[in-house]
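I have placed the structure first, in the form of structure tokens, so that the comments after it can refer back to it.
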Ligand code: ADP
Ligand code: MG
């Protein structure tokens, strides 16, 4: 069963057509990278999947259930943004457990989930700190920890590394990729960075002007680009 099915999805803002009939099927366990130039509609697509924005037309299915009218909190997704949106007055520990607290998860279970992700992300020494006492990379790890403890059907990442410096970005890429392999999560990862797409994805969806131009594995995208845009954007040899 597909983790996510998008059918004939369109989105208009007034007279601007941002998404033009998108069809996309993502299998459980895939690491899909959605790549394309700034303004092509990547965040809009992700926000519609998350329920933060509404489709003008088409359907979104998560885990076989049509979710067009389902509020974000009931969609079984977790989202990580480039702005980490941690609660500044809470410690790292509280930032990670707050969501579980709200969902009424038992204390012992919260502690177990926290210990698990803290170990996975190597943030155990940071649990008592406030976000202001963390580096950019550490904050991003905490934001990921908060998403991970939800154990959702689908992870949505919107350019999570774009605020980090180049060296840290490379490290975090590898870390996210390892994380994917270890927990077998289904991830949709948005970026405008071709290298990020090539190194992280099991499949890449290349977007341009509100249309998915090609959806294939990195090797196919590189060697057999579907059109001139894909070839130029992904740097395929002429
Ligand atoms: P990307 O994430 O690929 O950079 P976005 O999805 O953020 O692109 O935006 C796609 C297009 O939709 C852009 O032209 C942007 O200006 C427009 N857009 C996004 N959100 C809104 C909105 N709330 N109202 C009007 N236009 C919007
Ligand atoms: Mg965006």
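Numbering (UniProt numbering), first residue to last: 1 to 238. C-beta atoms are modelled at their ideal positions from N, C-alpha and C, and glycine is treated no differently.
No Cβ-Cβ contact shorter than 8 Å links residue 187 with residue 81. Taking 8 Å as the cut-off, the Cβ atoms of residue 190 and residue 158 count as close.
The three-state secondary structure of residue 192, taken from DSSP, is coil. Looking at 211, 232 and 236, the one whose alpha-carbon comes closest to that of residue 219 is 236. Just so you know, the alpha carbons of residue 145 and residue 49 end up roughly 21 Å apart. When DSSP reads this structure, residue 78 sits in a beta bridge with 155.
Under the DSSP assignment, residue 32 falls outside any alpha helix (DSSP H), being part of the beta strand (DSSP E) whose first and last residues are 31–35. Under DSSP, the beta-bridge partners assigned to residue 203 are 32. Residue 27: member of the beta strand (DSSP E) spanning 16–27, first to last residue. Approximately 6 Å separates the beta-carbon atoms of residue 6 and residue 60; this is inside 8 Å, confirming the contact. Our two residues, residue 233 and residue 195, have alpha carbons roughly 11 Å apart in a direct line. The three-state secondary structure of residue 67, taken from DSSP, is coil.
One thing to note: residue 174 has its Cβ no nearer than 8 Å to the Cβ of residue 33. Between residue 161 and residue 131, the gap from beta carbon to beta carbon reaches 8 Å or more. Boundaries of the beta strand (DSSP E) harbouring residue 214: 211–216, taken from the DSSP string. Contact holds between the segment 149–157 and the segment 176–186, because three or more Cβ pairs, one in each stretch, are under 8 Å apart. Short note on residue 36: C-beta closer than 7 Å to some heavy atom of the ligand ADP.
For residue 42, the CB falls within less than 7 Å of some heavy atom of the ligand MG. In the DSSP annotation of this structure, residue 60 is not part of any alpha helix (DSSP H); the continuous beta strand (DSSP E) holding it starts and ends at 57–62.
Rounded to the nearest angstrom, the gap between the Cα atoms of residue 51 and residue 64 is 16 Å. Sequence-distant Cβ neighbours of residue 211 in its own chain, meaning closer than 6 Å and more than five residues away, are 20.
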